[in-house]
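Some notes on the structure that comes next.
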Amino acid sequence: MIETARLRLTPVQLEDIDIYTELFTSEEITRYLPGGKPYSLEYIENYVPQKVSHWTKGFGTFIVSLKSDPIIKIGYTGVEQIPDSKYCDIRYGLLSEYQGKGYAFEAAKAVLNFTFDTGKVSEIYGVAVIGNLGSEALLKKLGMRSSSERLYDTDDLLTFSTQAGL
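Following the working numbering from start to finish, the sequence shown increments by one per residue and tops out at 404.
Right under this line is the structure:
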């Protein structure tokens, strides 16, 4: 578990399917995720166990809750290795009512520090769909710089990266 000034981050568990369902069935949230539209319940049911099993690598995704009321899940953030790749990227998503309050930065910064501190990752990437100005600004605020690496097979992403010790 990680605690920040306002947040509690706990490694994702199977019972966290509730927050993923709320996020991934929202048209507003998914417009900047792969596919650009809400995900099926079947997809989400297969997705969450993958997030849980990623923790065998020593790092992964956290569920973000309010420190003042840890029962309230507001989203997720984490660093994961991209399947069949040497690259690791940061991922995050918050419910709409918690966006624009600095929670995403606070959680993402804590997760970057945690992941680098494991010693298992020396460079972390981040991607933003072109036009997702909020995500692009967040990656830059995290200290990430533009990268020419192509992490995913699509032309509609901007890629950024940061290294341990920067």
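Backbone N, C-alpha and C fix where the C-beta goes; we use that ideal spot for every residue, glycine too.
Quiz item: Roughly how many angstroms lie between the CA atoms of Q319 and V286, to the nearest whole one?
Solution: 15 Å
Quiz item: Taking three-plus beta-carbon pairs below 8 Å as touching, is the stretch 276-286 in contact with the stretch 298-305?
Solution: no
Quiz item: For A366 versus L395, is the C-beta spacing smaller than 8 Å?
Solution: yes
Practice problem: Leaving aside the five residues before and after A348 along the sequence, list all residues of the same chain whose C-beta is less than 7 Å from its C-beta, in chain order. | Solution: I240, T242, L247
Quiz prompt | According to DSSP, residues forming a beta bridge with K311 | solution = S303
Exercise. Take L245 as the anchor and find which of K289, T268, T315 has the nearest alpha-carbon.
Key: T315
Exercise. State the DSSP-derived secondary structure class of E387, mapped to helix, strand or coil.
Key: coil
Quiz item: Where do the ends of the beta strand (DSSP E) carrying Q401 lie?
Solution: 395-401
Practice problem: Mind reading off the beta-carbon distance from F343 to L377? Whole number of angstroms is fine, and I expect it under 8 Å. | Solution: Not really, about 10 Å apart at Cβ, beyond 8 Å.
Practice problem: Using only alpha-carbon positions, find the residue among G364, P321, S303 that is nearest to Y341. | Solution: S303
Quiz prompt | Boundaries (first-last residue) of the beta strand (DSSP E) holding D327 | solution = 326-332
Quiz item: For P249, which residues from the same chain have a beta carbon less than 7 Å from its beta carbon, with the 5 sequence-adjacent residues on both sides left out?
Solution: W293, G298, F300
Quiz item: With distances taken from CA atoms, which of Y363, Y277, D322, S306 is nearest S264?
Solution: Y277
Quiz prompt | Beta-carbon gap between L261 and G338 smaller than 8 Å | solution = no
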